[in-house]
Amino acid sequence: MRADQLLVDRGLAASRSQAQRLIASGASWRDGPLVAWQRIAKNGEALPHQAELQLLDDAESRYVSRGGLKLAGALQLSGWTVVGSRCLDLGQSTGGFTDCLLQQGAAQVVGIDVGHGQLHERLRADPRVVCVEHCNARTLVPADPRVPGAAQGFDLIVGDLSFISLTLILPVLMPLMAASGRLLLLVKPQFELQPADIGKGGLVRDHASYGHVETRVREA
Numbered sequence: 155m156r157a158d159q160l161l162v163d164r165g166l167a168a169s170r171s172q173a174q175r176l177i178a179s180g181a182s183w184r185d186g187p188l189v190a191w192q193r194i195a196k197n198g199e200a201l202p203h204q205a206e207l208q209l210l211d212d213a214e215s216r217y218v219s220r221g222g223l224k225l226a227g228a229l230q231l232s233g234w235t236v237v238g239s240r241c242l243d244l245g246q247s248t249g250g251f252t253d254c255l256l257q258q259g260a261a262q263v264v265g266i267d268v269g270h271g272q273l274h275e276r277l278r279a280d281p282r283v284v285c286v287e288h289c290n291a292r293t294l295v296p297a298d299p300r301v302p303g304a305a306q307g308f309d310l311i312v313g314d315l316s317f318i319s320l321t322l323i324l325p326v327l328m329p330l331m332a333a334s335g336r337l338l339l340l341v342k343p344q345f346e347l348q349p350a351d352i353g354k355g356g357l358v359r360d361h362a363s364y365g366h367v368e369t370r371v372r373e374a
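To convert, take the position in the sequence shown, counting from 1, and add 154; that gives our numbering.
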């Protein structure tokens, strides 16, 4: 069996793309307790079904996607706790942010995504998770029947959104927050600047532009 697929089948990775990152970080295998460990050379390397697997980067496999690592780092830096919180996850996708929130003690996570069928099955089966699909975050209102508890407000709103400026989404979110609610959104400079300020491949290389991005988001 392909090495990346075997990692998925064993539950060591949520997807083949995550398995491939684990392999690149130094995953290894052996065919029995008396056999030396061998580093997996490539994603498509054929491994025995009974092979024993060992991961070098445990952090990579902690969440269903790398988004979980991003949010975990941000929460650690901010010092915020999410224990017992009701959270709104914008751009839920596979569920990396949702997974992180649950592992840190969130009481409920309501996820919003314009797509469908992306949320990892483990999270979809979790009773603390509500997945609202085919939903554009810009259309959210406190009385939205698709979003349980929106009228009461959320303790924490997190998000990893693409192809939209946060200046358009922040005014929508304020009515959805509890009185002491907090926001933690990923800022993507390429969606906050004019086309002339964005380099090849969608990269923002001019460091002076980052100050402009910060000002725009703060003023929103």
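Ideal placement from N, C-alpha and C gives every residue a C-beta, glycine not left out.
Keep in mind the model is a prediction, meaning the values are calculated, not measured.
- Look at the segment 183-236 and you find these whole runs of alpha helix (DSSP H), each 4 residues long or longer: 221-232.
- Restricting attention to Glu373, Leu337, Pro202, the CA atom closest to the CA of Leu225 is found in Leu337.
- By the Cβ test, the segment 246-261 is in contact with the segment 305-319, since at least three Cβ pairs between them sit closer than 8 angstroms.
- Cys241 is a Cβ neighbour of Val263, given a cutoff of 9 angstroms.
- Boundaries around Gly313 are those of the beta strand (DSSP E), 308-313, since no alpha helix (DSSP H) includes it.
- Apart from sequence neighbours up to five positions away, the residues of its chain that approach Ala305 with a beta-carbon distance below 7 angstroms are Pro296, Ala297, ordered along the chain.
- Straight through space, the alpha carbons of Ser215 and Gln257 are spaced by roughly 13 angstroms.
- Counting of Cβ neighbours within 10 angstroms places Gln172 among the buried residues, the total reaching 16 or more.
- Taking 9 angstroms as the cut-off, the Cβ atoms of Asp158 and Ala168 do not count as close.
- In this structure, the CA atom of Glu368 is about 9 angstroms from the CA atom of Val341.
- For Ile323, the secondary structure class from DSSP, reduced to helix, strand or coil, is helix.
- Here DSSP, grouped into helix, strand and coil, assigns Gln258 to coil.
- In the DSSP secondary-structure assignment, Val263 is bridged to Cys241, Val283.
- When secondary structure is reduced to three states using DSSP, Arg164 falls in the coil class, being assigned neither helix nor strand.
- Annotation for Ala332: the continuous beta strand (DSSP E) segment containing it runs 331-339.
- In the DSSP annotation of this structure, Leu347 is not part of any alpha helix (DSSP H), being labelled neither H nor E.
- Around the beta carbon of Asp185, a 10 Å sphere encloses fewer than 16 other beta carbons of the protein chains shown; the residue is thus reported as exposed.
- Here Ser232 is exposed, its C-beta having fewer than 16 other C-beta atoms within 10 Å.
- A buried status is given to Ala291, since no fewer than 16 other beta-carbon atoms sit within 10 Å of its beta-carbon.
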